[in-house]
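These protein sequence lines are chains A and B, in that order. Each residue of the first sequence is one higher than the one before, counting from 376 in the numbering used here. Each residue of the second sequence is one higher than the one before, counting from 43 in the numbering used here.
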Amino acid sequence: MSDKPSSDEKRNHPPCYEIRLRGHLDCQWTDWFEGLTVTLEEDGTTLLSGPVADQAALHGLLKKVRDLGLPLLSVCPHQSSQAAEPDVNA
Amino acid sequence: MSEPLLLTKLYVPLPRPKIVLRPRLIGRLNEGVHCKLTLISAPAGFGKTTLVSEWIASYGRPVAWLSLDERDNDPTRFITYLVKALQTIQAGIGEGLLVVLQSPQPLQIETILTTLLNEISNIPENFLLVLDDYHSIDSQPVDQSLAFLIEHQPPQMHLLIATREDPGLPLARMRARGQCIELRATDLRFSPAEAAEFLNRVMGLNLSAEDIAALETRTEGWVAGLQLAAISMQGHKDAAGFIQSFTGSHRFVMDYLLEEVLHQQSESIQTFLLQTSILDRMCGPLCDAILLDSSVSGQSTLEYLERINLFIIPLDNERRWYRYHHLFRDLLLNRLLNAYSGQVEELHRQASCWFASQNFPEEAIAHALAARDYDRAAVFVEQAAQQLDMKNCLVAITRWIEAIPDQVVEAHPWLCIYRAWGYQWMGRRDSVELWLNAAEASLPFALTLGKSDNERDHLLGHMAAIRAHAAITGENIPRALEEGQKALSLLPERDEMRCETAVAIGGAYWSLGRVIDSEQAFASARAAALTCNHLTMAVPSTCYVGMQQVKQGRLATAHQTYQEALHLAVGPDGWETPVAGFPNIKLGDLYREWNELERAEKLLLRGVQQCILLGQSDVLVDGYLCLTRFQMAVGNLDGANENLRQADLVVAKTKVDPFLQTRLEDCRLRLWAREDDYYSITRWMETSGLSVESPFSYYYDLHHVNLARALVSLGANTRSQALLNQAVSLLDRLHDAADRAGWVHEKIQILILRTLAEKALGREDATPGVLLQALALAEPGGYVRIFVDEGEAMRLLIEKQSHNRDHPLRGYAHKLLAAFTQPGAGPKSATPALHQVQRGASVIHYKSDIIEPLSNRELEVLKLLRSDLSGPEIALQLSVSINTFRTHTKNIFIKLGVNDRRAAIRRAEERNII
Chain A
376 MSDKPSSDEK RNHPPCYEIR LRGHLDCQWT DWFEGLTVTL EEDGTTLLSG PVADQAALHG
436 LLKKVRDLGL PLLSVCPHQS SQAAEPDVNA
Chain B
43 MSEPLLLTKL YVPLPRPKIV LRPRLIGRLN EGVHCKLTLI SAPAGFGKTT LVSEWIASYG
103 RPVAWLSLDE RDNDPTRFIT YLVKALQTIQ AGIGEGLLVV LQSPQPLQIE TILTTLLNEI
163 SNIPENFLLV LDDYHSIDSQ PVDQSLAFLI EHQPPQMHLL IATREDPGLP LARMRARGQC
223 IELRATDLRF SPAEAAEFLN RVMGLNLSAE DIAALETRTE GWVAGLQLAA ISMQGHKDAA
283 GFIQSFTGSH RFVMDYLLEE VLHQQSESIQ TFLLQTSILD RMCGPLCDAI LLDSSVSGQS
343 TLEYLERINL FIIPLDNERR WYRYHHLFRD LLLNRLLNAY SGQVEELHRQ ASCWFASQNF
403 PEEAIAHALA ARDYDRAAVF VEQAAQQLDM KNCLVAITRW IEAIPDQVVE AHPWLCIYRA
463 WGYQWMGRRD SVELWLNAAE ASLPFALTLG KSDNERDHLL GHMAAIRAHA AITGENIPRA
523 LEEGQKALSL LPERDEMRCE TAVAIGGAYW SLGRVIDSEQ AFASARAAAL TCNHLTMAVP
583 STCYVGMQQV KQGRLATAHQ TYQEALHLAV GPDGWETPVA GFPNIKLGDL YREWNELERA
643 EKLLLRGVQQ CILLGQSDVL VDGYLCLTRF QMAVGNLDGA NENLRQADLV VAKTKVDPFL
703 QTRLEDCRLR LWAREDDYYS ITRWMETSGL SVESPFSYYY DLHHVNLARA LVSLGANTRS
763 QALLNQAVSL LDRLHDAADR AGWVHEKIQI LILRTLAEKA LGREDATPGV LLQALALAEP
823 GGYVRIFVDE GEAMRLLIEK QSHNRDHPLR GYAHKLLAAF TQPGAGPKSA TPALHQVQRG
883 ASVIHYKSDI IEPLSNRELE VLKLLRSDLS GPEIALQLSV SINTFRTHTK NIFIKLGVND
943 RRAAIRRAEE RNII
């Protein structure tokens, strides 16, 4: 994770993150996680992905993961064209 | 309190009737009490609270419990509830602090905590303090407060923190020092044996070892998961089939199980669960109010949910208040938002109405905001502000208003006014006029809604009063008077704002050098405060009256006035409230002037302690400056410097009244002169921005007197005729200015400086009348230190006067000469006692003229002190260390106001304590 604002952020495109959790979450959690895309992977993990406004928003998301008692596997910044078009996969 | 106390936050949860006993963990918790902290850090649903409640049921010592929530990120609220939790095991502890915590002024948190720690150390037995849900805290000030508490934790206290994430404390250091034990997820997780006991014995299932192992693996021993699984299976005919499909699924355990559980409940229970999930806490009538379904009884549904163990937690012993397990509530809430998002605002609206009808303003407002029903929120804030003690709750009210969109606030003139008043108090002065204008703009509309002319005058009166205060801070005195008079003509008879207005007017007359008008204005402020029975306002108003009397040289009258203020500051229980700090420092300063240094010291130390707690920076700075002058009088220059530094620290943080800035400079110049630090005086002159040509200012309390003092000091030291001549001509003009204002006190000071300047010029015989004039003005008030503080030069001058046998002031001159010859006549204890003040270390309560009550332990020690036993022998008899014994005796001596064993016994016998 980088603390420095990426060049995307400077251009008002919030950076994308991938948050991987153990277990499968329903798509009904999409709103709970601020509109991140919920992808259920075959290995039994859930991938939350999408734009996250800033570091404070990221910590807020992690707090929600914590409050559900969901085992957190990884958090990665994700460089892709999604940054400019966050709604494509939503 | 700015709001009714939520007692449910302090409720010690009872252990459930049927639980898995966990002797391994209980054993570790029992061991843990030998260190400072037990940390239970594990994710949601690991049974933290259940474990702690099981443990403390057999712990056998007092337990103070505090369940934290997000609002406790405000350190004031956090400490308030901390004190309230401690009061559940020790009545009255920290009561004085609760008063202080309401103050709208910035808090000195460390001081408050130190005081609290001192009071904790008087709790006679070992106890446990539990902070549950500490993960709700996301605030550095609160983390720091807690770290400070732990750092200085008295030995009888043990702290237990339960949290979902490690707290912001120096844990690594505490681990290294063996100061904490921890229970974490791996410890709390159900072992296969515990899972078996839970599922089969507690939940009454009859599962095979294989099934149990499968469930244990699927949930990884997660207690909440196992519990929800067990509840699902209780209603399932085919437990084996359930286990097979559950363990075969990757789905999030709770999602999967919640669906199972909900499906087993009737439709009305499902609706109940979902709809009540918007509530932080709930009771039967509240549930009825938001469900609007007469076929369902809230109370019996809550009891049913408790019976089937459905993640519902009682918050009291009466089966009144409940909450859901936080994790369970989040799951329900998510479902509600997905399935019935259209209903959510309506549910919040109903909850808001119910809380308002039960007089829980904070929750009523919070739910109205969640419902986005801002008009309702606005009405509730307005009602709350009228019910609550406005000034004590100004900060809370301002925050509520800030949560409402501006365009809604702008339609409610009272909200605009409260907001403006809040900002004036908080020193956000740019925003004051903005919101007063908004209030004005909203008036025509508000008045079409049937508000009467009286209401209109009331609103306009408040606006004028706030403008008067803002004008004073903006140094626009004519405007302050104009707005103040306008306010008085508009405000109703019994309105607190009349007092605030009169204070502003008094300040305005002060700034105009009209001492009689100023005294009268402050007296009418006091009268207005008494009419509203508002003592916390009556006390400072009365002190201001006294300060104007001092300016007129009427020290005896001022003494009476300050006594009266002190009397007002004593609560109905006979204890001095912190607002007594103001009259105490003023009385102390009078005694210092009269050279009654022992009395002065006692009152100043007590007053400054109270001022620290009061948290009002102006009064606190005044207190430190009075102590500075006192320390100089007793010849303790280090102590004087230290107090001056403390005053500087406060001034650096906030803006204080202009007259105090002037007094601060006066003290500084006096100290430099005492230390022969002429370099600093020269630098001060260069940077003060004052010149002999610049216009005098009553607003700054004639701060040119400071310039005159600097000129006289430097001129006398360097024998510079030029400087001294400048001083003389400046002092002449200052004398006229003080004379016009009726400021006798300043006149005496000016004449004294003038005499010193003439002496340095070698012209003392040319103007003997100047000193005589000073003596004549000072004699009725009994001034002493104003002469004595000027040192040897002044002594020689007065001595010369005293040779004149026929002079009417000869007796007074002799009295002064006697005072010169006992420099540093003050008590020797000054320094250590002062040290305590600065650390806020001693006890804050003072019984008016009666000594601080002794604890039972101290009484025991006192009785043994009366015997012939030596210190070590007494310690042995009490089974305490010699250091503990010494601490007790020290505390006893402080409380009795004595310095040794014999005096302590004598005082105690006099007071019938033993």
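Ideal Cβ positions, reconstructed from N, Cα and C, are used throughout, including at glycine. Everything numeric in this text was worked out from a predicted model, so none of it was measured.
Enclosing beta strand (DSSP E) for residue i [first to last residue]
i              : result
L448 (chain A) : 447 to 453
M199 (chain B) : 199 to 205
G425 (chain A) : 420 to 426
W107 (chain B) : 105 to 109
R671 (chain B) : Here R671 (chain B) belongs to no beta strand (DSSP E); instead the alpha helix (DSSP H) covers 659 to 675.
Residue i and residue j closer than 8 Å at C-beta
i              : j              : result
G89 (chain B)  : V265 (chain B) : yes
E452 (chain B) : A480 (chain B) : yes
Y961 (chain B) : L191 (chain B) : Nothing about residue 961 (chain B) can be read from this structure; chain B reaches only from 43 to 956.
D322 (chain B) : R365 (chain B) : yes
V592 (chain B) : R568 (chain B) : no
G263 (chain B) : A237 (chain B) : yes
L646 (chain B) : L669 (chain B) : yes
L299 (chain B) : L270 (chain B) : yes
L315 (chain B) : L374 (chain B) : yes
V303 (chain B) : I254 (chain B) : no
Same chain, Cβ closer than 6 Å to residue i, five either side skipped, listed in chain order
i              : result
R837 (chain B) : F862
V830 (chain B) : A861, F862
T704 (chain B) : Y742, D743, H745
L201 (chain B) : L79, L171
Per-residue contacts from residue i into chain A (C-beta, under 7 Å)
i              : result
G87 (chain B)  : G444
N376 (chain B) : Q403, W404, W407
D372 (chain B) : D442, L443
L379 (chain B) : D406
Amino acids of chain A, ordered along the chain, whose beta-carbon sits closer than 9 Å to that of residue i
i              : result
N115 (chain B) : Those do not exist, as N115 (chain B) stays about 13 Å from chain A at its closest Cβ, beyond 9 Å.
E207 (chain B) : K438, R441
A266 (chain B) : G444
Contacts that residue i makes with chain B (C-beta to C-beta distance below 8 Å)
i              : result
R395 (chain A) : Those within 8 Å of R395 (chain A) in chain B number zero; the least Cβ separation is about 13 Å.
E398 (chain A) : Note that residue 398 (chain A) corresponds to Gly in the displayed sequence, not to Glu. Simply H292, R293, F294, V295.
Chain-ordered neighbours of residue i on chain A, where CB pairs are closer than 8 Å
i              : result
L369 (chain B) : D442, L443, G444
Residue i versus residue j: straight-line alpha-carbon distance, rounded
i              : j              : result
A189 (chain B) : R219 (chain B) : 15 Å
E193 (chain B) : D185 (chain B) : 12 Å
G503 (chain B) : A529 (chain B) : 4 Å
N767 (chain B) : G804 (chain B) : 12 Å
S730 (chain B) : R710 (chain B) : 12 Å
P389 (chain A) : E404 (chain B) : 35 Å
M275 (chain B) : F284 (chain B) : 7 Å
L918 (chain B) : S163 (chain B) : 21 Å
P85 (chain B)  : G138 (chain B) : 38 Å
M505 (chain B) : S553 (chain B) : 22 Å
A522 (chain B) : L655 (chain B) : 30 Å
A393 (chain B) : L328 (chain B) : 7 Å
L389 (chain B) : T926 (chain B) : 58 Å
Residues near residue i by beta carbon distance below 7 Å, same chain, minus five either side
i              : result
R371 (chain B) : S319
Sequence-distant residues of its chain with Cβ nearer than 8 Å to residue i (five each side left out)
i              : result
P183 (chain B) : P117, I151
S187 (chain B) : P117, F120, I121, I151, L155
Q527 (chain B) : I547
A795 (chain B) : One point to set straight first is that residue 795 (chain B) is Leu, not Ala, in the sequence displayed. Closer than 8 Å at Cβ, skipping near neighbours: V747, A750, R751, V754, A769, L773.
I934 (chain B) : L896, E900, V903, L904, L907, A946
Beta-carbon neighbours of residue i, restricted to chain B and to distances below 7 Å
i              : result
G419 (chain A) : H292
Residue span of the alpha helix (DSSP H) that contains residue i, given as start and end
i              : result
S83 (chain B)  : Run containing S83 (chain B): none in the alpha helix (DSSP H); it sits in the beta strand (DSSP E), 79 to 83.
P183 (chain B) : 182 to 193
P810 (chain B) : 810 to 820
F829 (chain B) : 827 to 830
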